[in-house]
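Position one of the sequence shown corresponds to residue 13 (my numbering), numbered consecutively onward.
Where a beta carbon is used, it is the ideal one built from N, C-alpha and C, also for glycine.
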Amino acid sequence: ACAALAAGTGEALRGLLVVGTCGYVVAYVLVCAAAPVFLHRIGELTAGPVLAAVPAVVVLAGVLAACAVAGGGWVLVATALLLLAAAHAAWVRLRRPAVLAAVGLYDETRARDVLGGPA
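This is the structure we're talking about:
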């Protein structure tokens with residue numbers, strides 16, 4: 013892609029923009045969907061985050077659909093990258109479950125963790 017950009021190919025720039033946009037929007041959808049789950053996991057779920065997350069996921073899914081329509085063939089590249097990432101995550105879950113078990117752990121700061129706090 014960098015070589016195509018250096019050569020002045022506008023289509024390469026369009027492709028990078030489509031793939032990047034799809035990646036960011038998918039990341040935001042996943043964060044919005046995961047936030048209530050995480051808050052429930054640590055016992056701090058309230059109605060506010062759910063009321064914010066549900067419409068955000070719906071709107072971002074609409075943005076993702078619009079990106080897919082406007083993106084043309086580049087959406088296939090973005091989809092392939094997403095599937096590759098999902099396959100890697102499945103491999104990590106299968107081969108190294110301790111790595112994923114540590115994701116999302118809740119840690120609360122205590123006085124002894126703060127610089128200058130009690131020893």
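- Per the C-alpha coordinates, the member of 89, 123, 43 positioned closest to residue 64 is 43.
- DSSP places residue 108 in the coil class of the three-state scheme, outside both helix and strand.
- With a cutoff of 8 Å on beta-carbon distance, residue 76 and residue 104 are scored as not near each other.
- 31 is the residue among 27, 31, 82 whose C-alpha sits nearest the C-alpha of residue 94.
- Sequence-distant Cβ neighbours of residue 62 in its own chain, meaning closer than 7 Å and more than five residues away, are 48.
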